[in-house]
Amino acid sequence: MLQMIIIGYDTRELCVPTGIKKLVINPMLHLSKLQDNIDNAEVTTDMDKLLQVRVYKKIDTIKAVGVEIQGLKVTQISRRKLAQDVVIEEHTFVAHCDRAKVSLNEAIRLSAQLVLEDHQIIKVQAVELVEDVDDVELEHLSSSLLLEAFGDIPLIEMNVTLLTSSNRFKPEDLPQNFSIKDFEKSSLDGKALIVAGFNLLTKQHASLKQLLPFLRKDGYLLTREKCDLIDYKKYLQQYELNVILEKRTDEELVMLLKKKVLIKERTIVYISNDNFNWLENLKSLLSDENKLDKNSRIIIVGEKNFECGLLGFINCLRKEPGSELVRSVLVQDEEAPKFSLQDPVYLQQLQKDMTINVLRPDKTWGSYRYLKLPQPEPKPVLTGHVCQTVCGDLNSFRWIENNLSVVSRHEDLVHVVYSSLNFKDVMLATGKLTSQEDILKGRLFQSLPLGMEYVGFDVNGQRVMGIRNTDCIANIVEKDEKLCWNIPDVWTFEEAVTVSAIYSTVYLALYIHGKIKKGDKILIHSGTGGVGQAAIHVAFKEGCEVFTTVGTNDKRNFIKKMFPIIPDDHIGNSRDTSFEQMIMRQTKGCGVDIVLNSLAEEKLIASVRCLARNGRFIEIGKFDLVSNNPLSMFAFQKGISFHGIRMENLMLRTYDSKWKRILKKMIDDGLQNKIIKPIHAKIFPKSDIEEAFRYMASGKHMGKVIINVHEKDEPLDKHILAYRRYYCLRDRSYIILGGLVGFGLELTDWLIFRGAKNIILVSRNGIKNVILNRQLQSPIASVITALRTVEKKAPVDAIFNLRCHGNLIETVANILNISDIKLVSPNSSLAELGMDSMMAVEIKQILEREFDTFVTAQEIRNLTFAKLIKMSVVIINDNDVDNEKKLGKEKTDVIKFFVGITLKDEDFVSPIEFLTNKQNTMTEILLIPGIDGCSTIFKTIIPYIKFSTSLLHYNTNNTGLLFAFKRYKFHRILWIFLQHILSKLTDGKDFIIVGYSFGSLIAIEVTRKLEAMNFKGRLILMELKKCESWDERFDIFDYGLHKVTQGVVHYIKGDHVTIFKNTKVAAAINGELPFTI
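Count along the sequence shown starting at 1, add 26, and that's the number in this note's numbering.
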């Protein structure tokens, strides 16, 4: 029950129940309901038999089986920051020894992947030599970069030993899995897989000679040489090393070397997708009986077919026992010589003993690697604002592009020079302030509103200052004319940005709600804050006696300096409740007339007790209001009043403009009378947003914290650096093909949150479940229909095609890399045709997601293309099976359309053939009646038809059929009719299709299908609809007549009675003048 109401919230944040106002349980009723449910345990959809939980949102109540919960409080939990960022990579071919220029990180990452490809291990031991002459920082060591590269690969652990002097690096700076040993005296427990160093081929070779003993036999040497290194082959021969990778950076040549391995014997296996005889041969080579020598290799070769699946096969095979001797060669060069061990092109590469070897044109050897895509970088954009990407994480502030220049009126835009932080911004950013009210708004209206104050230039060049509900930490904002003021000429921007928010709060609190007047005693908490300073200034202007509180001695001294008129015994401590004794002592027990409060919990309660009779308590804090903390009613006996001040309510566009006008005039008067004065501020540049928030969160600030968005010497229209973000246009439409699948619905959600107002989801199968049916009222089954519908509402801005698969046969063939289905035996199982476990999973997912067909893993392995062809026919038949249940005894004939029950073909169509006056056996006529299925409608025409004729009629005693017509069974009927007429159109016959009323719809579709199959014929439509004009008459079809015809269109007028007696109809069918085409 507690979770049921949370499920109803439109949010993706984690929400937990944290409080209950009232809980009522009837134990006897609850127990009896549970017992009845246990006794009658069965799977049912009958709501009367289920344990129902009902949520009444208007009265904030949940009821179920003798339990009632009122006033459930829900709290949003901040998401935990991911320990590791998502790694986004691209899979691409990389040449190994081309000395191509890459970044150092990429060169090291390629080396790490090549090492792991040859060794199926999870623990990597590495050694790096760092000599005194090597000028390199710890973070730029090869081992540090290898650690980063291996860190992006799951389960891989790396331990590093640095061979260097003991004082080269500070131990506290080293990563946890790094250790330091002396090069001259060190020894390792086990030999390393990777040994790294600098200029190992060009230094005194004593270093290389001493370093190689640390390397295991099949290990790798990673060296970073100078870019001008050329003559190094003699050292490779001397130390028996092969070059595996050779890449260049701006300053270095990165080389990955491997110890030479003596290969005594190589056995070649050629793979093919046409037959799989090679598979048995490979099995025997890898079997336990055929134990190969460790210096032997099995070479699996794929040539001619560039996409033969060799790479995936090798990756899977390497997981199997005994596969450490397997090597592979994939030839992706049409002009390459046929593979041969006598050809030096292949032999020299195989001597490197790499697991995967790919040959590309120009004798380029390489492999396919995962290269890390660059992280998004800020780009110059027209408009942007500050966002927090992870709530509660002050390290996640980013400048993000917005679409303000598109959605807002130009005359309402202001170029921001300064923005400011307020206490609410800090509470929201640190995750200390969350509200159930925000959760109830729904995700579309949930946001983290940062920044409510700005100063800058409007479009007329006028200096203005103002407040708005959110997104004021930006380079351009949309002003609210009712909450915007001209900046006095004598003020700077730095001074003006400290005024709008604090004085609007003070005027709303003290004048509108507090009714401040001369002689009032007022307690102002947190006097050194922005609102505190402004309130003290206003209170003195009104002739009030002021008490205030501060948190530190520095702030006490600041108050004395700024407001020397305040006596020391009128300044209290805001960190505890001792201010209450100060107030009662100084007021002789009477209390103050007004409390302007920003303290929380017990300090708020103490502040209430400080009020005199008929006092006014003004709450500008957020914590107690959001937390719904209780307040004792006893204090209200003194006639006090409590006012909660929420400036964000005032700034909403839907708020009563009366109070906006009053507040605007009060601020205008205050500016004119010079009552309003700027306060002290600390400035941060726009690049130090995090530092500004941390400074304010520390509570050390006095006055305002402001952000400098626009430098003085910069042009106003200068773009700001921000991360790009995709936005939709409100007056455009967005079409998603395949929009009712999981990704399509996620894309829909994504587009809505980027401003899309018109989204059209196109699906082949339509709505399949109740949830979708409620979210989306009706599917659009035709792209043409969708486009015509959309164009009337809004122009199309983008089309997202999520339909990545064609028909079932083509889809499976593509997965199996079968280019020509005719070359495959239809009775061979998919397993026999080369389907591996990954392909089986992919086929299973495609069948379920795209074709609504569910099969087990074993059934997948036994599938043949013959079975798939039969399945595709069933899919076409059942493509639009309606799964909505209709209740009521009077509709029993319709119940046969429930899920899993289909009608037989004979329920739909019974062909009747007439061979009347056969004059031309090369033409076949198909007559299709209306929705009543009555074939006798054509009885007056049939005698005059000169060709072989088939009349299709429906079994009218089957009311389920009529329901099928109405409930989207159209495509199934179409398929049945199409199969019948195809059986007639043999030996190059032409067709004539005559459709009456509803049959015209079927006739049009059948004609379009036949023409797509290159059949030729004519289409005759009878008595379509009573319309005002012929154009309207033919436009009732979604396609329009122009979509299905070419050349001349003939019309014969008549109603549903006279049309069948008109001899011109038979003449039209027979193709006689004037109807000859």
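C-beta atoms are modelled at their ideal positions from N, C-alpha and C, and glycine is treated no differently.
A quick note: this is a predicted structure, and the numbers were derived from the prediction, not measured.
Per DSSP, the continuous beta strand (DSSP E) segment holding residue 242 begins and ends at 241 to 252.
Under the rule that a run must span 3 or more residues, the beta strand (DSSP E) segments found entirely inside the region 669 to 737 read 707 to 711, 730 to 734.
Here residue 399 is not near residue 717, since their CB atoms are 9 Å or more apart. By the criterion of at least three beta-carbon pairs nearer than 8 Å, the region 443 to 453 is in contact with the region 730 to 744.
CA-CA distance, residue 706 to residue 623, rounds to 21 Å. Contact between residue 155 and residue 205 does not hold, since their C-beta atoms are separated by about 14 Å, which reaches or exceeds 8 Å. Where residue 887 is concerned, there is no enclosing beta strand (DSSP E), although the alpha helix (DSSP H) around it starts and stops at 883 to 888. Nearest Cα to residue 51 within the set 36, 326, 781, 94: 94. Per the C-alpha coordinates, the member of 723, 690, 735, 725 positioned closest to residue 710 is 735. Contact between the region 478 to 492 and the region 510 to 525 is established, with three or more Cβ pairs separated by less than 8 Å. Inside the region 436 to 522, DSSP marks whole alpha helix (DSSP H) runs of 4 or more residues at positions 449 to 455, 462 to 466, 519 to 522, from first to last along the chain.
The Cβ atoms of residue 862 and residue 342 lie closer than 9 Å to each other. Each of 458, 478, 436 was checked against the Cα of residue 484, and the nearest Cα belongs to 436. Per DSSP, residue 141 is one residue of the alpha helix (DSSP H) stretching across 130 to 144. Within a 10 Å sphere around the beta-carbon of residue 704 sit 16 or more other beta-carbons, which makes this residue buried. At a Cβ-Cβ threshold of 9 Å, residue 692 and residue 533 count as neighbours. In the three-state scheme derived from DSSP, where H, G and I count as helix and E and B as strand, residue 754 is classed as coil.
Put simply, the backbone Cα of residue 1005 is about 10 Å away from that of residue 1032. In the DSSP assignment, residue 560 forms no beta bridge with any residue. DSSP lists 100 as the beta-bridge partner residues of residue 43.
Bounds of the beta strand (DSSP E) holding residue 642 are 637 to 645. Counting of Cβ neighbours within 10 angstroms places residue 892 among the exposed residues, the total staying below 16. Between the alpha carbons of residue 163 and residue 719 lies a gap of roughly 32 Å. In the three-state scheme derived from DSSP, where H, G and I count as helix and E and B as strand, residue 370 is classed as helix. DSSP places residue 395 in the strand class (E or B) of the three-state scheme. In its chain, beyond the 5 residues on either side, 152, 153, 154, 155, 237, 238, 240, 241, 245, 246, 247, 248 have a beta carbon closer than 8 Å to the beta carbon of residue 221.
Sequence-distant partners of residue 894 (beyond 5 residues in either direction) whose C-beta falls short of 8 Å from its own C-beta, in its chain, are 834, 835, 838. Taking residue 559 as the centre and dropping the five residues before and after it, the same chain places the C-beta of 705 closer than 6 Å to its C-beta, in chain order. In the displayed model, residue 1039 falls within coil according to three-state DSSP, outside both helix and strand. Linking residue 951 to residue 1045 through their CA atoms gives a straight-line distance of about 10 Å. The alpha-carbon separation between residue 661 and residue 670 amounts to approximately 17 Å. Of 165, 767, 297, the smallest CA-CA separation from residue 826 is found for 767.
Beyond the five residues adjoining it in sequence on each side, residue 372 comes within less than 7 Å, by CB distance, of 355, 365, 366 in the same chain, given in chain order. For residue 1016, the enclosing beta strand (DSSP E) covers residues 1016 to 1022. A Cβ-Cβ distance of about 6 Å is found for the pair residue 136 and residue 271, placing them in contact under the 8 Å criterion.
Taking one beta carbon from each stretch, the region 379 to 398 and the region 122 to 141 have 3 or more pairs nearer than 8 Å; the two touch.
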